[in-house]
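Novice:
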Amino acid sequence: MNKTELIDHISEQADISKAASGRALDAFVGAVKKALKKGDDVTLVGFGTFFVNKRAARTGRNPRTGEAIKIKAAKVPKFRPGKDLKDNVN
Numbered sequence: 001m002n003k004t005e006l007i008d009h010i011s012e013q014a015d016i017s018k019a020a021s022g023r024a025l026d027a028f029v030g031a032v033k034k035a036l037k038k039g040d041d042v043t044l045v046g047f048g049t050f051f052v053n054k055r056a057a058r059t060g061r062n063p064r065t066g067e068a069i070k071i072k073a074a075k076v077p078k079f080r081p082g083k084d085l086k087d088n089v090n
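Residue 1 is where the sequence shown starts when you use full-length UniProt numbering, and the numbers rise one by one after that.
1. With a Cβ-Cβ cutoff of 7 Å, do Gly46 and Asp15 count as a contact?
2. How would you call Ile7, buried or exposed, if buried means at least 16 neighbouring beta carbons within 10 angstroms?
3. For the putative contact between Phe50 and Val32, defined by C-beta atoms under 8 Å, what is the C-beta separation to the nearest angstrom?
4. What is the DSSP secondary structure of Val52, reduced to helix, strand or coil?
5. DSSP state of Thr43, grouped into three classes?
6. Taking DSSP as the reference, what is the three-state secondary structure of Gly66?
7. Is the beta carbon of Val52 closer than 7 Å to that of Pro77?
8. Considering Cα atoms alone, identify which of Ala35, Lys37, His9, Leu36 is closest to Ala24.
9. Got a sec, what are the start and stop residues for the beta strand (DSSP E) Gly60 sits in?
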């Protein structure tokens with residue numbers, strides 16, 4: 001499912017216009033991004049939790065030359081599904 005299909009689904013289920021559905025989806029994504037940037041977790045009970053994980057600096061290899069390279073530490077957004085979501089998938 002892509003963004004357009006998700007907007008169509010929200011529009012049908014919530015009985016609102018596609019434009020309003022698009023704005024609502026964009027607002028949700030923006031709120032999650034803003035919270036993660038501040039270092040907060042976003043928990044939707046039954047669905048899951050969006051959070052930021054820290055990846056340590058490490059040494060890697062350039063696949064073309066085999067030369068060792070340094071990879072910087074990074075913050076990586078992650079998602080941990082909730083029990084209800086896991087149960088629905090299985």
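For every residue, glycine included, the Cβ atom is placed at its ideal position computed from N, Cα and C.
Specialist: This is what the structure holds:
1. no
2. buried
3. 5 Å
4. strand
5. strand
6. coil
7. yes
8. His9
9. 58-61
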